[in-house]
Amino acid sequence: MRNKTSLVSGAALGVMLACGLGVAAHAQDTTVAWKGAPQWTNDDVYFKVRGRILLDAVFQDVDKDGGSAGDYKTSNVRGRQAFIGVEGKLNNYVAYKVEGGAVNGGAWGWDDVVLEVKPTEFTSLLFGNVKVAGLENLTSTRFTTFMDRGPYGDFGVDSYQLGVVGKYVGPNYSATLGVQGGSLNNADVTAANADAKERLVITGRGHWAPIVTDTDKVHLGASYRYRNRGDEGMFAYTGRTNTAYSNGTLYTTGGIGNRDNTWALEGAWMHGPFSVQGEYSSIDVTRAGTAGSDPTVKVGYAFVSFWPTGETRNYNSVTGEFGRPKILNPITAGGWGGLELAVRYDFADLNDAYDTLKVKPATSQAGEYTAWTLGANYYLTGYVRFQANYTDGKVDNIGLNQDYDVKQFQLRAQMDF
59 MRNKTSLVSG AALGVMLACG LGVAAHAQDT TVAWKGAPQW TNDDVYFKVR GRILLDAVFQ
119 DVDKDGGSAG DYKTSNVRGR QAFIGVEGKL NNYVAYKVEG GAVNGGAWGW DDVVLEVKPT
179 EFTSLLFGNV KVAGLENLTS TRFTTFMDRG PYGDFGVDSY QLGVVGKYVG PNYSATLGVQ
239 GGSLNNADVT AANADAKERL VITGRGHWAP IVTDTDKVHL GASYRYRNRG DEGMFAYTGR
299 TNTAYSNGTL YTTGGIGNRD NTWALEGAWM HGPFSVQGEY SSIDVTRAGT AGSDPTVKVG
359 YAFVSFWPTG ETRNYNSVTG EFGRPKILNP ITAGGWGGLE LAVRYDFADL NDAYDTLKVK
419 PATSQAGEYT AWTLGANYYL TGYVRFQANY TDGKVDNIGL NQDYDVKQFQ LRAQMDF
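Per our numbering, the sequence shown runs over residues 59 to 475.
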């Protein structure tokens with residue numbers, strides 16, 4: 059209770075301090091604009107309250123190979139995310155963003171906690187809880203085409219990690235390098251000796267947009283990640299079935315990794331209301347102990363989306379990221395809103411983690427996952443949307459009675475500001 063109270067109190071204090079910095083110090087000649095919530099601006103200073111509410115319903119039908127003993131059906135209605143925070147800048151050289159909240163009804167946790175320093179117009183240094191790589195990973199949950207990032211988001215890239223990140227951007231390219239540890243939400247290393255080592259993550263990403271026109275945009279990107287677990291437990295490669303709802307462990311390597319090296323490619327093409335996007339990662343794992351040789355884990359996805367109402371996905375060629383779509387006829391202007399339809403394919407291949415074992419058990423859940431997902435997103439405005447996803451997935455593991463067929467339907471109501 060003490061930790062939770064201190065976190066909430068800290069968040070409230072941060073809001074008050076940011077209000078004082080962003081508003082009171084420049085109260086004269088301040089303008090207010092509506093960007094989902096009021097934003098106060100004075101010359102090169104601005105301040106804004108931010109947040110999001112995501113409410114989900116998940117329905118699953120899981121059939122296990124070998125009979126009805128392992129079959130089950132489940133449903134869950136929950137608060138997926140309830141976040142609140144602030145963002146702003148003190149001048150053209152210093153900016154900040156702080157946001158946290160509850161995920162899946164759990165305790166308070168942090169997402170963005172970032173202090174950004176811009177030595178020049180083209181360079182940035184970011185200190186705090188930051189994302190570095192991955193096209194879909196860098197796209198906020200508020201704007202992703204599907205409700206979940208799939209297995210690629212489970213072990214293909216890292217999400218928010220605490221550290222230092224440097225960025226350089228041009229008109230249609232960027233380069234990013236981060237040196238990080240664990241998440242701000244993780245406990246510190248607790249080993250009771252002077253040689254305890256925290257996890258180390260070094261990640262680099264580059265992107266290039268060779269075509270940027272009013273009609274067509276092409277995105278190409280690549281990244282590399284090195285991880286060393288330090289004293290914080292072995293790396294496990296465990297995926298879910300295209301849902302943030304935990305449905306047990308259906309495919310996993312278990313804890314096997316002491317270190318790993320990840321090479322990743324990303325690409326996207328936008329042609330008016332039509333777009334294609336995909337990513338692929340190959341993860342070379344240095345196995346802990348002497349159980350076998352070092353395996354490679356492969357994971358990726360691809361999807362196609364189309365806006366029958368005429369919108370196009372909002373791509374930033376400078377940063378190589380997707381942002382909030384602009385709805386052409388929002389209900390606030392008397393329109394019908396915007397509709398996006400999409401289809402996605404996911405796969406994760408963990409078979410090598412089994413094949414490289416010296417002694418192979420009769421059964422293993424280090425197998426292969428594949429899935430197709432149909433998605434629909436209906437936007438009332440750019441800040442309010444409803445989502446529906448239907449996934450038909452299959453888990454093919456080693457041994458008898460280790461395979462699963464998963465059919466699931468998910469709904470989401472979302473508002474952010």
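Beta carbons are placed, not taken as given, at the ideal position from N, Cα and C, and that holds for glycine.
Looking at the backbone, the Cα of Gly109 and that of Gly158 are separated by about 8 Å. About 4 Å separates the CB atoms of Leu242 and Asn187; that is less than 8 Å, so the two are in contact. The C-beta of Gly214 has 16 or more other C-beta atoms within 10 Å across all chains shown, which makes the residue buried. In this structure, Glu179 sits away from Tyr154, with a CB-CB distance that is not shorter than 9 Å. By the beta-carbon neighbour count (other beta carbons within 10 angstroms, threshold 16), Gly228 is exposed. In terms of Cα proximity to Gly425, the closest of Gly395, Phe444, Gly457, Ala91 is Gly457.
If you draw a 10 Å sphere on the C-beta of Tyr437, you find 16 or more other C-beta atoms in it, and that means buried.
With contacts defined by Cβ atoms closer than 9 Å, Thr311 and Val355 form a contacting pair. Pairing Val270 with Phe380, the inter-Cα distance amounts to about 14 Å. Val343 has its alpha-carbon roughly 42 Å from the corresponding atom of Asn150. Distance from the Cα of Ser281 is smallest, within the candidate group Thr203, Asn100, Glu194, for Glu194. Only residues of its own chain outside the window of five on either side were considered, and among them Gly109, Arg110, Glu157, Gly159 have a CB closer than 6 Å to the CB of Phe141, listed in chain order. About 7 Å separates the Cβ atoms of Tyr338 and Ala322, confirming a contact at the 8 Å cut-off. Under the 8 Å Cβ criterion, the region 324-334 does not count as touching the region 402-421, having fewer than three qualifying pairs.
Taking 9 Å as the cut-off, the Cβ atoms of Gly315 and Tyr295 count as close. For Tyr412, the enclosing alpha helix (DSSP H) begins and ends at 409-413. Using a Cβ distance threshold of 9 Å, Thr301 and Gln466 count as a contacting pair. By a beta-carbon distance limit of 8 Å, Tyr462 does not contact Tyr359. Their separation comes to about 19 Å.
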